[in-house]
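**Student:** Here it is: the structure, laid out below.
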Amino acid sequence: MRLVVLLSGSGSNFQSLIDAVAAGQLPITIVAAGSDVPDAYGLTRAKTAGIETFVVDYAAYESRAAWTSALADAVADYTPDLILSSGLMRIVGTEFIERFVGRFINTHPALLPAFPGAHAVSDALNAGVVITGTTLHIVDAGVDTGPILDQRAVPIARDDDVASLHDKIKVAERQMLIDNLAKLATGMTPAELIPRYAKPR
């Protein structure tokens, strides 16, 4: 399975995939890592591992639509079977989603549909819930609204803050990613991971 990873930041989850592939635990090929910003540390992780990188700098485009089109072209050059958003902090336009329909997946640090958006960890703490977690879902035109593929629960301790809770969520998120990518590497499609009891969307 040919995987393209999109990221904006440090790429700690991405590193767990690199390590799993190197250890023979994950039978996929990470063909490229791309970012919307040129200084994402995740790109350095990719280069260190000998993985190709590309940047489609959001700041260089006059509109989201123009950036989305350029990003879609850049990703298509690698003929991926699957695209993973692993900390891409930019909402792509519908052109990207339609071009890679059903093949673009995302991780989110909450148990969707609770706490969508960019501040999920702090939102969970502020709401006073005792359990949060992480979700793997197919990306659609909404914000964190696509079909859910998997979720892992993470308890919130009384002394957790945003940093400590995010760290705990990342541990669950990494294992969830490895488990599901291993299933997809057998030839399953993301749609086949949607629980059978889930209502069609």
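Residue numbers (my numbering): 104 to 304.
All C-beta atoms, glycine included, are put in the ideal place defined by N, C-alpha and C.
With three or more C-beta pairs closer than 8 Å as the rule, is the stretch 197 to 205 touching the stretch 259 to 270?
**Tutor:** No, the stretch 259 to 270 does not touch the stretch 197 to 205.
**Student:** In the DSSP output, which residue or residues are listed as bridge partners for residue 136?
**Tutor:** Paired residues: 108 and 156.
**Student:** Skipping 5 residues on each side, what residues in its chain have a beta carbon closer than 8 Å to that of residue 112?
**Tutor:** Within the same chain, residue 112 has close Cβ partners 143, 144, 145, 190 and 192.
**Student:** Taking the straight line between their C-alpha atoms, what separation do you get for residue 199 and residue 179?
**Tutor:** About 10 Å.
**Student:** Using a threshold of 8 Å, state whether the C-beta atoms of residue 211 and residue 223 are closer than that.
**Tutor:** Yes, the Cβ-Cβ distance between residue 211 and residue 223 is below 8 Å.
**Student:** Residues bridged to residue 187 by DSSP?
**Tutor:** The partner list for residue 187 (beta bridge, DSSP) reads 108 and 208.
**Student:** Per DSSP, residue 253 is paired with what?
**Tutor:** Note: residue 253 sits in a beta bridge opposite 239.
**Student:** Where does residue 234 sit, in a helix, a strand or coil, going by DSSP?
**Tutor:** In the structure shown, residue 234 sits in a strand (DSSP, three-state: E or B).
**Student:** According to DSSP, simplified to helix, strand and coil, what is residue 258?
**Tutor:** Strand at residue 258.
**Student:** If you measure between the beta carbons of residue 236 and residue 281, is that distance less than 8 Å?
**Tutor:** Result no, Cβ atoms of residue 236 and residue 281 do not sit closer than 8 Å.
**Student:** How would you write the range of the alpha helix (DSSP H) that residue 279 sits in, first residue to last?
**Tutor:** Per DSSP, residue 279 belongs to the alpha helix (DSSP H) from 265 to 287.
**Student:** At what residues does the alpha helix (DSSP H) containing residue 130 begin and finish?
**Tutor:** Element bounds for residue 130: n/a, residue is neither H nor E.
**Student:** Can you look up residue 297 in the DSSP assignment and give me helix, strand or coil?
**Tutor:** In the structure shown, residue 297 sits in coil (DSSP, three-state: anything other than H, G, I, E or B).
**Student:** Kindly give me the distance between the Cβ atoms of residue 285 and residue 129, rounded to whole angstroms, as I take these residues to be in contact under 8 Å.
**Tutor:** Indeed they touch by this definition, with Cβ atoms about 6 Å apart.
**Student:** Helix, strand or coil, according to DSSP, for residue 119 in the structure here?
**Tutor:** Looking at residue 119 - three-state DSSP - the assignment turns out to be helix.
**Student:** Assign residue 218 to one of three DSSP states: helix, strand, or coil.
**Tutor:** Residue state, collapsed to three classes: coil.
**Student:** Check whether the Cβ atoms of residue 132 and residue 110 sit closer than 8 Å, and answer yes or no.
**Tutor:** Not closer than 8 Å, so no.
**Student:** Should residue 154 be labelled buried (16 or more other beta-carbon atoms within 10 Å of its own) or exposed?
**Tutor:** Buried: at least 16 other Cβ atoms inside 10 Å.
**Student:** Tell me which same chain residues have a C-beta within less than 7 Å of the C-beta of residue 149, skipping the five on either side of it?
**Tutor:** Here the set comprises 136 and 156.
**Student:** Quick one: measure Cβ to Cβ for residue 219 and residue 301, integer angstroms, because I've assumed they're closer than 8 Å.
**Tutor:** Residue 219 to residue 301, Cβ: 17 Å. No contact.
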